[in-house]
Amino acid sequence: MYLGKVEDDDFKRELSTQYNQYEDILNKVTDLYNEYGEVPSSVNLKNDMMTWMGIQMNTINDKSNSKISEMLIQGTVMGIIEGRRLLNHNPNVNQNIKNALNEFVQIQENSVTKLKEYL
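Quick note: numbering that gives the first Met the number 0 has the sequence shown finishing at residue 118, numbered continuously throughout.
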C-alpha cells in the first residue's frame, strides 16, 4: 500500500520486512481458524477503500519517510491497543490463540520502534 510512495531503499526494505512478518502471522491465524473449523469474516471493502483514500490524500503533498512512518505508527498503535485488550479481556483463551495474539502484538511493537527511526 505504501511501497509505491516510498523512494528511500532502506525504508522500502524495512516496510517489506514488516509486511512479511504480518503475512506470517496472518497465515498462523488462518491455520488457527481452520483448526477450530471457523471461517474468518471477510474484510470490509468500505473500510479498505476509506483507508486507501485517506493514504492518498495524506501523502498527496508529503510522501516523506516521516509522514508515511507517522501514518503507519498511528495505525499500528491502534492494533497494539486492540491486541492487548483482547489478551486482557480473555484470560482463559486457548494457549495457541494467546500465543498468536502475543506474537502479533510483539511484531507491532517492534514495528513502531523501527518506524520511529524514520520520523
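All C-beta atoms in this analysis are idealised placements derived from N, C-alpha and C, irrespective of residue type, glycine included. It should be emphasised that the depicted structure is a prediction, and the values quoted were computed from it without experimental measurement.
Neighbourhood of residue i by C-beta distance below 6 Å, restricted to the same chain and skipping five residues each side
{"i": "S68", "result": "L114, Y117, L118"}
{"i": "I72", "result": "V111, L114"}
{"i": "Q20", "result": "I106"}
{"i": "D30", "result": "none"}
Contact check, residue i vs residue j, beta carbons under 9 Å
{"i": "V5", "j": "N101", "result": "no"}
{"i": "N95", "j": "E22", "result": "no"}
{"i": "Q107", "j": "G78", "result": "yes"}
Cβ neighbour criterion (16 or more within 10 Å) applied to residue i
{"i": "G82", "result": "buried"}
{"i": "T75", "result": "buried"}
{"i": "S110", "result": "buried"}
{"i": "L25", "result": "exposed"}
Where the alpha helix (DSSP H) through residue i begins and ends
{"i": "E116", "result": "E116 -> no alpha helix (DSSP H), and no H or E assigned at all."}
{"i": "G82", "result": "64-88"}
{"i": "Y18", "result": "8-34"}
Beta-carbon contacts of residue i that lie in its chain and below 7 Å, excluding the five residues immediately before and after
{"i": "D7", "result": "N64"}
Cβ-based neighbour list, residue i, same chain, cut-off 8 Å, excluding 5 preceding and 5 following
{"i": "N62", "result": "With the sequence shown as reference, residue 62 is identified as Lys, and Asn is not the correct amino acid for it. Answer for K62: K4, V5, E6, listed in chain order."}
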